[in-house]
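Notes follow once the structure below has been shown.
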Ligand code: AVI
């Protein structure tokens, strides 16, 4: 049994990236930050709870799809190496790994060292023959060198939390490392009735609101900001033109927030919003076009009966 951890992104580099992005995002009009900054241990814990909410259908639909089509993925790629992007607690990973009979190496990339440690040790116990590597890094810094028959895995519609340019960069990098015969397996939440989508981003227990506004305590802790969370209201709305949910915190009254480490004062007008997350929903045609832009073609597209969620397998053209 082998499990190793490699650090590509130290705490200092992560803090430096956050400083840079917070300076740009809090002084921009409108104010916005990338979705990746709502994640810390608290964010991950809230998301675990969200995934158990009946209205948050994404994992409920994705799990049976993975169980049903893992064999198809094996037949179409027969990977030697699997590279999973943002596996979180890796609970879905065995559904796939059980079917990948020729797999020699499993690599997990995540910014959370704790999540990687826990998942790595669990997987190492279950798959003693696998060489398991956890890479602490983001999806840019963390990608390993190209290797033959690599399957990159990005489940849970995580790729939807990125904007179009960030997605294009990622897909280009993935196409570069998957090697001959390699592929990309994506879990994609699909465009559907807006009420059904928006309903997944609303709950009475406060988990979703907690995750949407988790950027504020993170900025307070990491950059010495003084956001008063009670003076902001979290909200999530469906934006049809961009085919995505957009999540915000809205200032309930005019206020000035100080960010000590940036020497910055940020003015919020009453009702002004700071975007904290996006969650893009896809169509088959849209996904095919984005993949094609990176030199990947669709080799498998499996959905549930209602067409709510897709497992999408792309291979190098
Ligand atoms: C992690 N990601 C796929 C979630 C989503 O549905 O976009 C994040 C989330 N934010 C609020 N609820 C869930």
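Residue numbers (this note's numbering): 34 to 350. Note that the Cβ used here is the ideal one computed from N, Cα and C, for glycine as well. Every value quoted in this text rests on a predicted model; they were computed, and no experiment measured them.
In this structure, the beta-carbon distance from residue 230 to residue 309 does not fall below 8 Å. Residue burial is scored here from C-beta neighbours: residue 267 has at least 16 other C-beta atoms within 10 angstroms and is therefore classed as buried. As summarised for the region 100-183, the continuous beta strand (DSSP E) elements at least 3 residues long and confined to that stretch are 114-118, 138-143 and 164-169, given in chain order. Here residue 322 is exposed, its C-beta having fewer than 16 other C-beta atoms within 10 Å. Apart from the 5 residues on each side of it in sequence, residue 234 sits with its Cβ closer than 6 Å to the Cβ of 241, 269 and 278 in its chain, given in chain order. Beta-carbon to beta-carbon, residue 144 and residue 47 are separated by about 7 Å, close enough to satisfy the 8 Å threshold. Contact check for residue 139 against residue 118 fails: the beta carbons are separated by 8 Å or more. Under a 10 Å Cβ-count criterion, residue 293 is classified as exposed, with fewer than 16 other Cβ atoms of the shown protein chains found around its own Cβ. Counting C-beta pairs with one atom in each stretch, the region 275-291 and the region 211-218 have fewer than three that are closer than 8 Å, which means they do not touch. Taken from the Cβ of residue 83, at least one heavy atom of the ligand AVI lies inside 7 Å. Apart from the 5 residues on each side of it in sequence, residue 175 sits with its Cβ closer than 6 Å to the Cβ of 41, 142 and 168 in its chain, given in chain order. By the C-beta density criterion, residue 45 is exposed, having fewer than 16 other C-beta atoms within 10 angstroms. The residues 117, 120 and 156, in chain order, have a CB closer than 7 Å to that of residue 126 in the same chain once the five nearest residues on each side in sequence are set aside. Contact between residue 315 and residue 184 does not hold, since the beta-carbon distance rounds to 20 Å and is not under 8 Å.
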